[in-house]
DNA sequence: GGAATACTGAGCCATGCGGCTAAGTTACAA
DNA sequence: TTGTAACTTAGCCGCATGGCTCAGTATTCC
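Chains as they are written, first to last, in full-length UniProt numbering: chain A, 1 to 115; chain B, 1 to 115.
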């Protein structure tokens, strides 16, 4: 229901777990219910639901409930956060010092999406 | 000394912390000592050293000690792990089902670098 | 040699994560 | 209306993370 703000922290954390990456892979092929998503894993449902929770809070997926079934869909746009961070990193290597200056003075390279 | 094996788990985990991302940003401009790297952060040195440890274990940086100073350098190649994962993800969206099949049967999209 | 610099190691603490079970709740089916 | 299916909530457990302090080691400088 609520729109979760996607942060690099949250996205990278979400994606650092193999179970969650597998779920993202599956959802890349199209929406699926919790039950379908959970099936391949030898894990109790409540445990699996925690993973879904992280993915949703990170903004990488969205879910909606229809009847007694919850359907999950991929939020492809959120992956751009990762890509743009990679790009920034590489642009630093290239020696574009404009951004570097800010980095040295503020000690951060974070770029968060506006809520 | 030891070559650490870079896994997606480790790399994403390492990169999910703002302090560590800032360090990577700084190192993008060239090697630096622990002291130089730690300076911008309001944090005790041993705490900071833990971050360096994670970065090194993930394979994102390398360090060597010269005299009493430890110098850190970026391992740019490790960033490719992230990029290739993004690429795989996108190729699933494109509908290339070869990889998808493996995904559905094994329940994983992991790709680890051989030790 | 003695002091200062630059880490390093040991260990404590609070919180978060990834798993579990047991007991709800809600919708669909018979 | 009585089940059953598909989550959901609550709460427990052990380990990891991110911070700290305090003490130790190893270089370098005077």
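Ideal placement from N, C-alpha and C gives every residue a C-beta, glycine not left out.
Predicted, not measured: the structure shown is a model, and the values here were computed from it.
- Within chain B, 82 and 86 have C-beta atoms less than 8 Å from the C-beta of residue 82 of chain A, given in sequence order.
- Secondary structure within the region 42-92 of chain A: the alpha helix (DSSP H) runs of 4 or more consecutive residues, fully enclosed, are 45-58 (chain order).
- Against chain B, the beta carbon of residue 15 of chain A has neighbours under 7 Å at 12, listed in chain order.
- When rounded, the separation of the alpha-carbon atoms in residue 82 of chain A and residue 73 of chain A is 19 Å.
- Looking at B/90, B/19 and B/91, the one whose alpha-carbon comes closest to that of residue 42 of chain B is B/19.
- By the neighbour-count criterion, in which 16 or more other beta carbons inside 10 Å mark a residue as buried, residue 38 of chain B falls on the buried side.
- Straight across, the Cα-Cα distance linking residue 26 of chain B with residue 45 of chain A is about 42 Å.
- At a cut-off of 7 Å between beta carbons, residue 42 of chain B makes no contact with chain A.
- Looking only at A/24, A/21, A/7 and A/33, the smallest Cα-Cα distance to residue 65 of chain A is reached by A/33.
- DSSP, reduced to helix, strand and coil, places residue 29 of chain B outside both helices and strands of the structure shown, so it counts as coil.
- Apart from the 5 residues on each side of it in sequence, residue 23 of chain B sits with its Cβ closer than 7 Å to the Cβ of 37, 51 and 55 in its chain, given in chain order.
- Per DSSP, residue 10 of chain B is one residue of the alpha helix (DSSP H) stretching across 8-15.
- In the displayed model, residue 95 of chain B falls within coil according to three-state DSSP, outside both helix and strand.
- Exclusion of the five residues before and after residue 13 of chain B leaves 54 and 58 as the residues of its chain whose Cβ lies within less than 8 Å of its Cβ.
- Of the other Cβ atoms in all chains shown, fewer than 16 fall within 10 Å of the Cβ of residue 95 of chain B; this residue is therefore exposed.
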